[in-house]
Amino acid sequence: MEFSINGYRAIVVTALILIFLPAFASAASVCSSGCDHTSIESAINASIPGEIISIQGGTYHESPNITKRVTLMGRGGPVVDADGRSFAIALFADGVRLEGLSAVNSSGIGIEVVSADNAILVCDVHQNAIGIDILGSRNILFGNNISRNGAGIILNRSSNNSIAYSNISINRQYGLRSIGSDNNTIRSNVFFGNGLGISLEGSGNNLLYQNSLLNGDNAYDDGQNRWDNGTTGNYSESLRYLPHRYV
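As structure tokens, then:
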């Protein structure tokens with residue numbers, strides 16, 4: 067299944083260039099030397115809303131709070147290493163865009179999203195207690211690799227989020243856990259090797275389709291959710307469509 071999701075991500079990168087490319091050039095850069103800033107946090111503090119911050123390859127031992135509407139654009143695979151802190155990256159402002167970053171080694175949350183209208187694109191999130199925790203609404207997760215966490219993604223009383231074309235694999239507890247969250251769309255993801263692939267708890271009117279589920283246990287649903295889009299369902303280990311309600 068890794069090969070399959072890699073194919074997805076190749077398409078995703080091209081699509082992102084066309085769909086999400088900002089209309090203005092990068093205004094600030096971050097690297098170990100020779101750039102505008104040597105830390106992501108200092109670049110955010112010095113930024114203005116709408117600014118692009120280009121983060122060059124390397125490992126950044128920090129846990130930036132994103133309190134402004136900015137774009138953090140990874141170049142060459144930069145890694146944000148929380149070094150055991152409670153989070154690696156936290157989104158407090160609305161309209162933030164993260165692309166091409168890794169968030170690792172948090173004792174709590176890799177990427178914490180407490181705001182709305184954000185985009186997390188082609189990021190790697192691993193070795194955290196929780197990969198991505200979403201409390202805000204109308205967020206887009208697209209083309210991410212979320213693996214080897216305690217739990218992959220948690221939707222925590224949030225709504226109208228979209229999670230698509232991502233590899234959510236080998237998380238010890240859950241691939242995706244939805245707690246009291248409604249009207250989210252989860253489509254075209256690979257859930258592989260998780261303790262439980264998808265758990266919908268007290269959640270309703272979520273739409274799930276074109277997902278592949280190959281886990282210890284595939285899914286739990288105690289609410290009224292749609293496990294197909296009217297024509298296409300989800301695939302289990304035997305490559306059969308899962309029924310509308312699969313527990």
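Per the numbering used here, residue 67 is the first one in the sequence shown, and the count goes up by one each step.
The beta carbon of each residue, even a glycine, is placed where N, CA and C say it ideally should be.
Source: prediction; values computed, not measured.
Rounded to the nearest whole angstrom, the C-alpha separation of Ser129 and Thr298 is 40 Å. Counting the other CB atoms within 10 Å of its CB gives Asp287 a total of 16 or more, which places it among the buried residues. In the structure shown, Ser108 adopts helical secondary structure according to DSSP, grouped into three states. In the DSSP annotation of this structure, the continuous segment of the beta strand (DSSP E) that includes Ala156 starts and ends at Phe153 to Leu157.
In terms of Cβ geometry, Ile220 and Ile245 form a close pair [threshold 8 Å].
Every unbroken stretch of the beta strand (DSSP E) spanning 3 or more residues and falling wholly within the stretch 270 to 308 is given here in chain order: 273 to 275, 278 to 280 and 283 to 287.
Cβ-Cβ distances below 6 Å link Val96 to His103, Ile106, Ala109 and Ile121 in the same chain, with the five nearest sequence neighbours on each side left out; the list follows chain order.
A distance below 7 Å between beta-carbons, with the five flanking residues on each side excluded, links Ser98 to the following residues of its chain, in chain order: Thr104 and Gly124. Under DSSP, Ala195 shares a beta bridge with no residue. Pro144 sits buried, since 16 or more C-beta atoms from the chains shown fall within 10 Å of its C-beta. As a beta-bridge residue in DSSP terms, Ile234 pairs with Ile212 and Phe257. DSSP places Asp147 inside the beta strand (DSSP E), whose first and last residues are Val145 to Asp147. Taking each of Arg214, Leu201, Ser232 and Ala195 in turn and checking the Cα distance to Ser224, the smallest one comes out for Leu201.
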